[in-house]
Amino acid sequence: MAEVLVLAELNPAGGGVRKTTLEALTAARALGEPSAVVVGAPGTAAGVKDALAEYGAATVYVAEAPEIDEYLVAPKAEVLAQLVGEKSPAAVVIPSSPEGKEIAARLAVRTGSGFLTDVTEIAADGTATQVAFAGATIVHSQVTTGTPIYTLRGNSVTPEPAPAAGAEQPVSVSVSDAAKQARVVDRVVEQKSSRPELTEASIVVSGGRGVASAENFAIIEALADSLGGAVGASRAAVDSGFYPHSFQVGQTGKTVSPQLYVAVGISGAIQHRAGMQTSKTIVAINKDPEAPIFELADFGVVGDLNTVVPAATEQITARK
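Numbering of the sequence shown is given in the numbering used here, commencing with residue 4 and proceeding in unit increments.
Shown next as structure tokens:
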């Protein structure tokens, strides 16, 4: 069976394997036998090999060196390029995070390969499904040059265990001078709430301009917490200073694809729809019955969000 390389994306500070990695391992099985690639400082792979093996990694390539963390993404792209040259895999699958996309682009240049970004599905013949033109078009594409490289959009595939050997194989690391052009001089650990990561959450509750103020976003947070979900915001809400930019969902923000997306006080402009319309179930709450978001929603509630959202939160909490 052909080998498929999957770049492992890990949580910081020894937090284990990110869900996006498990999704990538699951998607890669359509093309062949997945092999995980762990790139990082010494000791990085120690706590994640079992999880990678549980989700289908027959081999775990371990590329560890102190200089990996001293520079930006270029060393990781070099390690992958080295493995592509040595192993001739059928494909490379990378989680579609900002870092993953940059690594994929660098890898494509170094190996002379085509790559497809933000794919939502990969077929056995290598055909990838993508959502294009702000969600207006579904595209099916294939790479015709070099080793196919895919970045997989988060929450597009349900991770499914498929226990494999997970045999560890060390990879020698030699970082070129070209990869040392941008050095990391400091790291600041972002304070995380107890809510799930926005791009990985199975439930997202987003607020828009209709929320009216930063203080009123508390009702959005309360609904999200009652559902065990993440909080998002539209560009209009972010531009108005209601919520931090890092939580923006949309064409110029983050792309999410949860099982449930609740849009509160969001009109549904194309900019926002581009970042969430692949969600499995969409619920819209808006006082304007003509709001474009209702065209996209599976369920809609026409009403004042200041009444509807607290009432929904109360009912959800009461059923726990």
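The beta-carbon is built from N, C-alpha and C at its ideal position, and this holds for glycine as well.
Helix, strand or coil at residue i [DSSP, three-state]
i	result
T114	helix
I269	coil
A66	strand
G43	strand
E203	coil
K323	coil
S209	strand
T258	coil
S229	helix
E298	helix
N289	strand
R276	helix
L119	strand
A30	helix
S249	helix
T150	coil
Length of the line joining the Cα atoms of residue i and residue j
i	j	result
A225	S100	27 Å
V188	A182	15 Å
L86	Y64	9 Å
T161	N14	19 Å
T284	S116	36 Å
S216	N289	16 Å
K281	H143	At residue 281 the sequence reads Thr, which differs from the Lys that was named. C-alpha separation (whole angstroms): 15 Å.
S209	F220	9 Å
G59	P164	7 Å
F136	I125	20 Å
A66	P199	29 Å
A139	V40	35 Å
N158	T130	19 Å
F245	I222	12 Å
G211	S205	20 Å
T120	V214	33 Å
S229	P173	45 Å
D180	P292	59 Å
Nearest-angstrom Cβ-Cβ length linking residue i and residue j, presumed shorter than 8 Å
i	j	result
T255	R238	6 Å
P78	A61	With 8 Å as the limit, P78 and A61 do not qualify as a contact, their Cβ atoms being about 25 Å apart.
L308	G268	5 Å
P92	T23	That belief does not hold up - the Cβ atoms of P92 and T23 are roughly 19 Å apart, past 8 Å.
R113	A80	6 Å
E203	R21	7 Å
Cβ neighbours of residue i in the same chain (closer than 7 Å, five flanking residues each side left out)
i	result
V96	V7, V9, A27, A30, A31, Y153 and L155
T150	V87, P92, A94, V95, T114 and S116
Contact under 8 Å by Cβ, residue i with residue j
i	j	result
G278	L299	no
A94	A168	no
A127	F118	no
A233	A227	yes
I71	G43	yes
E12	R186	no
L34	A54	no
L201	G235	yes
V207	P261	yes
Close Cβ partners of residue i (< 6 Å) along its chain, the five nearest in sequence each way excluded
i	result
V76	E102, E105 and I106
A287	A266, I296, F297, A300 and G303
V178	E70 and P78
8 Å CB neighbourhood of residue i in its chain, flanking five on each side removed
i	result
T148	G115, S116 and G117
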